[in-house]
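Engineer: Submitted below is the structure of interest, expressed as structure tokens.
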Amino acid sequence: MTDRPDAVPVWTTLSGTTIGSVHVRDQLPLQDAVHTWSDPETGHAVVAVADGHGHRFHFRSDTGAALAVVSAVEELRRVLPELGAADEAARDRVAQAGAAIVATWTAKVEHHLAANPYSPAEDEIGASADPLRAYGSTILAAAAAGDVMVFLQIGDGDSVLVSADGTATRPLPEDPDLDGLHTSSLCQPRPLDALRVGVVDAAADQAALVFLCTDGFGRSRVDTHGWWRQTGDQLLDFARTRGLGWVREQLPEWLAEPALIGGDDTTMALLVRSDVAGIDRPDLADTVPVPEAADG
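Each residue of the sequence shown is one higher than the one before, counting from 1 in UniProt numbering.
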């Protein structure tokens, strides 16, 4: 294996998910999903989160969300080597990846359904008439290839970019169809109508950290308008001052509180760029220090 060139940015992925208290009460499964991948040799990394719909018509949405994050990571991994700059061509390529994610997710759902046909009781609520509906899910994903960062999203949830000075921004346009009660979905007739994509020059924007979260996190915040700015600043500060190992250890607890208060499943995934965030050795975040050898 060749040594990684020092010029290649190192992106570290962290993630966590917690079942909501309402789902525990109602004996429902965890319907959020998260999947991450990174390759420090190339400087490529992908994170994806998904929120399966909780309505009774979407009774296989836990499976739908799991298939969504796998599909997103699979397709974005294919695209990353083709992204040379944060330009319009990259945006078009990410839009194509969004279409591929929808197609891959649909194929995976159909394969699962072939192995697990709907029961007569499920058919009574129209499952076979609209076979994708039971698997309904959102999808949020972010990926980095060196200094190029890409984002895509269908449905609700939050994608947030944090710069080196702690300033948080939203890299994606708003979805006008989101009203706080309904969400766009992979299972809708034309999901690509709801696809939002964004491309960022990570070097020019001094991107230090990205976090994606399902709406179970944001909805439980007291300050519903500015919580994401404060969260981004705090996550970056913790990564710098306490290390990624500590952040990874604390993440389940941070997610448990909104999952308990808001009642919904709560999931978060992070991408942290070590050189901009000021973390010297992110690869040692979870390693136990080696004792110095004794003299003699």
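The beta-carbon is built from N, C-alpha and C at its ideal position, and this holds for glycine as well. Note that the coordinates shown come from a computational prediction; the quantities given were computed from them, not determined experimentally.
Since Phe-151 is in the beta strand (DSSP E), which residue starts that stretch and which ends it?
Structural biologist: Segment 148-154, the beta strand (DSSP E) holding Phe-151.
Engineer: Hey, how far is the Cα of Gln-27 from the Cα of Ile-19?
Structural biologist: Approximately 11 Å, taken between the alpha carbons.
Engineer: Buried or exposed: Arg-25, going by 16 or more other Cβ atoms within 10 Å of its Cβ?
Structural biologist: When all chains shown are included, Arg-25 counts as exposed.
Engineer: Cα-Cα, which of Ser-61, Arg-133, Phe-211 is closest to Thr-169?
Structural biologist: Considering only alpha carbons, the answer is Phe-211.
Engineer: Hey, how far is the Cα of Gly-146 from the Cα of Val-8?
Structural biologist: Taking the straight line joining both Cα atoms gives about 6 Å.
Engineer: Which residue wins for smallest C-alpha separation from Ala-86, given the options Trp-254, Phe-238, Ala-256, Val-200?
Structural biologist: Ranking the options by Cα distance to Ala-86, first place goes to Val-200.
Engineer: Is Ile-139 helix, strand or coil when you go by DSSP?
Structural biologist: DSSP places Ile-139 in strand when its eight states are reduced to three.
Engineer: Got a sec? Which residues, its chain only, sit under 6 Å from Ala-48 by beta carbon, not counting five neighbours each side?
Structural biologist: Cβ neighbours of Ala-48 beyond the five flanking positions: His-35, Val-69, Ala-72, Val-73, Ala-141.
Engineer: Using the three-state DSSP reduction, which class does Gly-218 fall into: helix, strand or coil?
Structural biologist: Helix, per DSSP.
Engineer: Would you decide whether Asp-3 is buried or exposed? Buried here means 16 or more other CB atoms lie within 10 Å of its CB.
Structural biologist: Only weak support is given to the placement of Asp-3: the predicted model assigns it a pLDDT of 46, under 50, and the question is left unresolved by the model.
Engineer: Our contact map puts Ser-163 next to Ala-208 with C-beta atoms below 8 Å; I'd like the distance itself, whole angstroms only.
Structural biologist: Correct: roughly 6 Å between the Cβ atoms.
Engineer: If you pair each beta-carbon of the region 101-118 with each one of the region 127-142, do three or more pairs fall below 8 Å?
Structural biologist: The answer is yes - the region 127-142 touches the region 101-118, with three or more Cβ pairs under 8 Å.
Engineer: State the Cα-Cα distance for the pair Thr-63 and Pro-117, rounded to the nearest angstrom.
Structural biologist: The alpha-carbon atoms of Thr-63 and Pro-117 are separated by roughly 14 Å.
Engineer: Could you tell me the distance, in whole angstroms, from the CA atom of Ala-33 to the CA atom of Asp-265?
Structural biologist: Going from the Cα of Ala-33 to the Cα of Asp-265 covers about 9 Å.
Engineer: On the CB-based measure, 16 or more other CB atoms within 10 Å of its CB, does His-53 come out buried or exposed?
Structural biologist: Buried, because 16 or more other Cβ atoms sit within 10 Å of the Cβ of His-53.
Engineer: So residue 311 and Ala-99 are supposed to be a Cβ contact under 8 Å. How far apart are they, rounded?
Structural biologist: An answer regarding residue 311 cannot be provided, because it is not within the stretch 1 to 296 covered by the chain.
Engineer: Quick one: what's got a C-beta closer than 7 Å to Leu-192's C-beta in the same chain, skipping five residues either side?
Structural biologist: These residues qualify, in order along the chain: Gly-98, Ala-99, Val-102.
Engineer: Tell me which same chain residues have a C-beta within less than 6 Å of the C-beta of Pro-5, skipping the five on either side of it?
Structural biologist: Interpretation of Pro-5 is limited by its pLDDT of 48, a score under 50 that renders its predicted location unreliable; the figure taken from the coordinates is listed afterwards. Closer than 6 Å at the Cβ level, and outside the excluded window around Pro-5, lies no residue.
Engineer: Would you list, in sequence order, the uninterrupted beta strand (DSSP E) runs of no fewer than 3 residues that lie entirely inside the region 23-66?
Structural biologist: As far as the region 23-66 is concerned, its whole beta strand (DSSP E) runs of at least 3 residues are 32-39, 44-51.
Engineer: Would you list the residues sitting across from Cys-213 in a DSSP beta bridge?
Structural biologist: Paired residue(s): Asp-158, Met-268.
Engineer: Using alpha carbons as the reference points, say which of Gln-206, Asp-177, Pro-189, Ala-204 lies closest to Arg-196.
Structural biologist: Comparing Cα positions, the closest option is Asp-177.
Engineer: When the Cα atoms are used, what is the spatial distance from Leu-251 to Cys-213?
Structural biologist: Computed Cα separation, rounded: 12 Å.
Engineer: Ordered along the chain, which non-local residues of its own chain (more than five positions away) have a Cβ less than 8 Å from that of Pro-189?
Structural biologist: Around Pro-189: no qualifying Cβ.
Engineer: Do you know how far the Cα of Ala-66 is from the Cα of Ala-269?
Structural biologist: So the alpha carbons of these two residues sit roughly 14 Å apart.
Engineer: With a threshold of 8 Å on Cβ separation, who are the neighbours of Trp-228 within its own chain once the five nearest residues in sequence on each side are excluded?
Structural biologist: So the list reads Asp-158, Val-160, Ala-168, Arg-170, Gly-218, once near-sequence residues are dropped.
Engineer: How far does the beta strand (DSSP E) with Val-10 in it reach, from first residue to last?
Structural biologist: Premise fails: Val-10 is in no beta strand (DSSP E) and is neither H nor E.
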